[in-house]
Amino acid sequence: MKINWLPLAAAVAFAAGSVSASAVDFNGYFRAGAQFNAVGGEVYCVGNGNDGHKVGRLGDECDTYAEVALSQNVYDKAGSKFSVHTLVAYGTTEGYRDLQGNSWQGVGSNYELKKDNDGNYTIQTVRGPWDSQRLSFREAYAKYDTDAGYSIWSGKRFYRRKDIHILDLYYLNDSGYGAGIEGIDVGNGNLNFAVVKWANDGTADYNRNVYKLDARWDGINLGAFGALDTSVIYALPAISKKQKDDGAGARANTANSGALITLDLGSNFGSTVNVSNHFIAQWGSNGFAYVGAFKNHAGDNYTPDVDADGVRLIDWGTLDWGSDFDLGYSFLWGHLNSGKNHGVKGSAWTYTRSGWEYSIVLRPEYKWTEYTRTTLELGYSEMKRTGWVADEKYGNPDLYKVTLAQQFTPGKGFWSRPAIRFYASYINGDQFSDGWNVQYRNKNHGSHSYQFTFGTQVEAWW
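Residue numbers (this note's numbering): 1489 to 1950.
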């Protein structure tokens, strides 16, 4: 059979030309740096991207992290538009010490002992010079912007996240696989609805899906008080009869539904001193109760906690005083009540203990020129926990950090990036002792509960 390739080639060329006619949106973020411990040995960090930084992130980041996002409009006609969105994220091994590796990114041995079902061990190659780091396809979704003003989407995405940048803490982050409709104009604000799936990895006994119903009313105009965003996430665990039978009594298979309610009041005020402020109140039940225990990415993970609830209050923002001085700030307080489960261990997890925790972080800056600034970050945190989170001998374990940095940025704004930084940082407190957290133990750390480091870092977004 003879095939005429000319029409096919013409169609491909036409399609390629149509795609290239619409510019690709290229957005991203990255951070990377090097640290030096004044007494030698490991460099430790008390926070990371998974947990957030309760005493501030400046001078306390031991990782390399990057996001590269590509989006494109593929159809635009008569007020209707279709677009595709992708985002790939990369991160070095996450932990409480510097695991960035070297230029080839490899960390650790190329071999590892693996145990089979019969209890026998074999040596297996588990990582090469390009492995032992993390690469993830974080977004892959399509969106249909209707001529009526609202949008329909489906796929995998970061869904309407909210964060405190100086803590790297996402206080609302219902991300994952799902679908939704957003931007429904109701006169005063807009409505957004989505269903997002969450699943935990594990054996058949513990592997379960949770479907989160997400409803939001954003941009409610309250006049002089600012604008209010509201969110309700209701989680429905989907546990099969087989899972319940195979794992009878397992905590993961007796999980109940739970809710996470968030109120976020944003306001701007002042003339000589301009303040942009957010006050947030959150309440979570059962699997969302962890909001009371300084947990990051609230709304993403759903734990198997039952008969528990947590509350969290946050006030964060920025203050600009003229063109040369600004201040970033964050105040956070949370309380977790694990009820009758306090101190109880399940077959899959240990129940989170009741207690409270608070955090105060201040980041003042003085801009010497359009491109140079000196930044000071002060952070303090204290908690009340028992059991696996803190030993009784520490009472209310505290943690504090002081970081002084010289930065170079393209402009004077608080959010100007990229930022090239050179810093000195001091960390101390009960929560930094190796007796409280075994992650900090090594021969160079000894019994010290402090660390003095020098470092350099770049942070960029575009």
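C-beta: ideal position from N, C-alpha, C; glycine also.
For clarity, every value in this text was computed on a predicted model and none was experimentally measured.
6 Å Cβ shell around residue i - same chain, five flanking residues per side excluded
{"i": "Y1938", "result": "N1916"}
{"i": "Q1588", "result": "T1552 and T1580"}
{"i": "Y1563", "result": "F1570"}
{"i": "S1639", "result": "K1631, D1633, E1670 and G1671"}
{"i": "L1748", "result": "I1721, G1772, F1776 and G1787"}
{"i": "F1942", "result": "F1524 and A1912"}
{"i": "I1848", "result": "F1819 and Y1868"}
{"i": "R1622", "result": "G1579"}
Neighbour-count burial assignment, residue i, 16 or more Cβ in a 10 Å radius
{"i": "A1769", "result": "exposed"}
{"i": "E1858", "result": "exposed"}
{"i": "S1773", "result": "buried"}
{"i": "N1784", "result": "buried"}
{"i": "K1900", "result": "buried"}
{"i": "V1794", "result": "buried"}
{"i": "V1832", "result": "With a pLDDT of 49 at V1832, under the threshold of 50, the modelled position of this residue cannot be trusted; read the value that follows with caution. V1832 comes out exposed."}
{"i": "W1950", "result": "exposed"}
{"i": "T1860", "result": "exposed"}
{"i": "L1751", "result": "exposed"}
Short Cβ contact (9 Å threshold) for residue i with residue j
{"i": "G1714", "j": "I1672", "result": "no"}
{"i": "A1948", "j": "A1912", "result": "no"}
{"i": "A1726", "j": "R1696", "result": "yes"}
{"i": "L1518", "j": "T1574", "result": "Checking the displayed sequence, the identity of residue 1518 turns out to be Phe instead of Leu. No, Cβ-Cβ distance for F1518 and T1574 is not below 9 Å."}
{"i": "F1776", "j": "G1822", "result": "no"}
{"i": "K1644", "j": "Y1632", "result": "no"}
{"i": "Y1647", "j": "D1662", "result": "yes"}
{"i": "G1664", "j": "D1788", "result": "yes"}
{"i": "W1705", "j": "V1683", "result": "no"}
{"i": "G1867", "j": "V1572", "result": "no"}
{"i": "Y1790", "j": "G1746", "result": "yes"}
{"i": "G1449", "j": "K1650", "result": "The question about residue 1449 has no answer here: the residues shown for the chain are numbered 1489 through 1950."}
{"i": "N1514", "j": "V1576", "result": "According to the sequence shown, residue 1514 is Phe rather than Asn. No, the Cβ-Cβ distance between F1514 and V1576 is not below 9 Å."}
Residue i versus residue j: straight-line alpha-carbon distance, rounded
{"i": "N1744", "j": "L1753", "result": "30 Å"}
{"i": "T1891", "j": "F1570", "result": "46 Å"}
{"i": "T1862", "j": "K1700", "result": "44 Å"}
{"i": "K1730", "j": "A1786", "result": "30 Å"}
{"i": "G1707", "j": "V1527", "result": "51 Å"}
{"i": "N1884", "j": "L1864", "result": "26 Å"}
{"i": "L1944", "j": "N1590", "result": "A quick correction: the sequence has Thr, not Leu, at residue 1944. Between T1944 and N1590, the C-alpha separation is close to 16 Å."}
{"i": "H1894", "j": "R1545", "result": "Sequence inspection shows Gln at residue 1894; the His mentioned does not correspond to that position. So the two alpha carbons sit approximately 15 Å from each other."}
{"i": "S1818", "j": "L1660", "result": "16 Å"}
{"i": "N1762", "j": "D1803", "result": "16 Å"}
{"i": "K1872", "j": "P1898", "result": "42 Å"}
{"i": "W1809", "j": "L1679", "result": "35 Å"}
{"i": "S1764", "j": "E1845", "result": "25 Å"}
{"i": "K1855", "j": "T1718", "result": "36 Å"}
{"i": "S1826", "j": "G1843", "result": "9 Å"}
{"i": "L1710", "j": "G1677", "result": "10 Å"}
{"i": "D1814", "j": "L1807", "result": "5 Å"}
{"i": "L1716", "j": "A1796", "result": "27 Å"}
{"i": "G1505", "j": "W1641", "result": "Since pLDDT at G1505 reaches only 44, below the 50 mark, its modelled position is unreliable, and no value is offered."}
{"i": "A1566", "j": "S1904", "result": "37 Å"}
{"i": "I1652", "j": "K1732", "result": "39 Å"}
{"i": "D1586", "j": "E1555", "result": "20 Å"}
{"i": "Y1584", "j": "S1728", "result": "37 Å"}
{"i": "V1779", "j": "E1627", "result": "25 Å"}
{"i": "F1896", "j": "T1760", "result": "25 Å"}
{"i": "F1767", "j": "V1799", "result": "14 Å"}
Close beta carbons around residue i, own chain, < 7 Å, minus the five adjacent residues each side
{"i": "A1703", "result": "F1681 and V1720"}
{"i": "G1537", "result": "D1551, Y1553, G1579, E1582 and D1656"}
{"i": "S1755", "result": "F1713, G1714 and N1765"}
{"i": "G1816", "result": "I1654, T1806, R1851 and F1902"}
{"i": "D1812", "result": "Y1854 and K1855"}
Counterpart residues of residue i in DSSP-defined beta bridges
{"i": "G1711", "result": "According to DSSP, G1711 bridges with nothing at all."}
{"i": "F1776", "result": "In the DSSP output, where bridge partners are listed per residue, F1776 has none listed."}
{"i": "K1685", "result": "Y1665 and Y1699"}
{"i": "N1789", "result": "According to DSSP, N1789 bridges with nothing at all."}
{"i": "V1556", "result": "G1516 and V1576"}
{"i": "W1804", "result": "H1766 and S1818"}
{"i": "V1890", "result": "L1866 and Y1914"}
{"i": "T1944", "result": "A1522 and F1910"}
{"i": "A1726", "result": "N1697"}
{"i": "T1860", "result": "F1896"}
{"i": "T1718", "result": "W1705 and L1751"}
{"i": "S1591", "result": "None, per the DSSP bridge assignment."}
{"i": "N1756", "result": "S1764"}
Same chain, Cβ closer than 8 Å to residue i, neighbours up to 5 away in sequence not counted
{"i": "D1548", "result": "C1533, V1534, G1535, H1541, K1889, T1891, S1913 and I1915"}
{"i": "F1920", "result": "Y1532, V1534, L1887, Y1928, S1937, Y1938 and Q1939"}
{"i": "A1687", "result": "N1695, R1696, N1697 and V1698"}
{"i": "V2028", "result": "Because the chain here runs from 1489 to 1950, residue 2028 falls outside it and cannot be looked at."}
{"i": "V1946", "result": "F1518, R1519, A1520, G1521, P1906, A1907, I1908 and R1909"}
{"i": "E1870", "result": "E1845, Y1846, N1884, P1885, D1886 and L1887"}
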